[in-house]
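Those letters in the sequence shown? Residues 0 to 223, per numbering that gives the first Met the number 0, in order. Think of the CB as a built atom: it goes at the ideal place given N, C-alpha and C, for glycine as much as any other residue. Every value quoted in this text rests on a predicted model; they were computed, and no experiment measured them.
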Amino acid sequence: MKTQKVYLAPSILSADLLHLKEQVEVVSENGADFIHVDVMDGHFVPNLTFGPNMVAALKRITTLPLDVHLMIENPDLSIESYARAGADIITVHQEACTHLHRSLQLIRKQGVKAGVSVNPATSLSTLENVMGEIDLMLIMTVNPGFGGQKFIEQGLDKIARARKMIVESGHDILLEVDGGINTVTAPKAVQNGANVLVAGNAVFGKTDIGAAINEIRSQVEKVL
Ligand code: DX5
Ligand code: ZN
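The structure is reproduced here in structure tokens:
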């Protein structure tokens with residue numbers, strides 16, 4: 000048994016966009032720690048979502064850190080725009096960065112926390128040489144592009160191995176998990192070492208958003 004802080008990051012991908020302000024307020028009042036913003040370009044992933052304007056609009060209505068997940072090709076071209084818009088964390092995909100080290104440095108140069116994400120098929124070994132350049136590692140437990148997909152169970156072992164890598168690196172790195180997180184998978188992810196949980200459908204897909212957050216939290220607390 001150990002006490003550790005687990006952060007909850009509701010993903011607005013599953014929010015009701017015409018009531019986004021109210022929904023962000025509800026998650027905020029119910030103890031959300033970050034707002035997760037899924038940026039998709041229709042190329043890196045087969046879906047198209049938000050741009051820097053959305054980040055700027057959110058910044059005007061919430062003090063919660065904005066956790067911006069860039070599922071886009073050529074992220075270096077947009078990092079500055081998202082930083083200027085108010086992103087607190089910018090996460091790029093390892094698979095989308097030809098020069099990952101440079102992309103991460105570019106993020107930190109903006110005074111923003113740098114994250115890197117790996118798809119389910121991507122090995123953690125691709126991150127070995129950038130452990131000193133990151134503030135957050137994001138393990139995808141679905142193939143990115145859509146909310147409401149099923150958690151890929153093999154991700155649990157990967158989370159455990161990622162935690163080991165982080166401990167061995169000696170760096171202060173958040174371990175985030177994204178995709179299919181709900182009341183059943185959240186505690187499993189935490190047991191394996193995750194400390195930031197992204198949840199879209201399991202939060203915004205429920206009629207009572209506050210109750211949904213509380214239920215995820217109480218299941219997670221059982222394993223802390
Ligand atoms: C998937 C996105 C996720 C998505 C998760 O490509 O990166 O952040 O919103 O949605 P759920 O929690 O519904 O799987
Ligand atoms: Zn995401």
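Would you identify the three-state DSSP class for residue i, choosing helix, strand or coil?
i       : result
Met-0   : Note on Met-0: pLDDT 47, under 50, position unreliable in the model; no value is reported.
Gly-209 : helix
Pro-51  : helix
Ala-31  : coil
Asp-40  : strand
Ser-10  : strand
Gln-148 : coil
Gly-85  : coil
His-98  : coil
Asp-75  : helix
Thr-125 : helix
Asn-142 : coil
Gly-131 : helix
What I want to know is whether the C-beta of residue i ends up closer than 7 Å to one or more non-hydrogen atoms of the ligand DX5.
i       : result
Ile-151 : no
Gln-93  : no
Asn-200 : yes
Val-5   : no
Leu-12  : yes
Val-141 : yes
Gly-147 : yes
Ile-180 : yes
Met-70  : yes
Gly-144 : yes
Checking the sheet assignment: what are the DSSP bridge partners for residue i?
i       : result
Glu-175 : Leu-137, Val-195
Thr-90  : His-68, Gly-114
Val-183 : DSSP output for Val-183 lists no bridge partner at all.
Could you check if residue i belongs to the surroundings of the ligand ATP, using beta carbon to heavy atom distance under 7 Å?
i      : result
Asn-29 : In the structure on display, the ligand ATP does not appear, and the ligands it does have are the ligand DX5 and the ligand ZN.
Whose CB is closer than 6 Å to a heavy atom of the ligand ZN? List the residues in chain order.
Ser-10, His-35, Asp-37, His-68, Asp-177, Val-197
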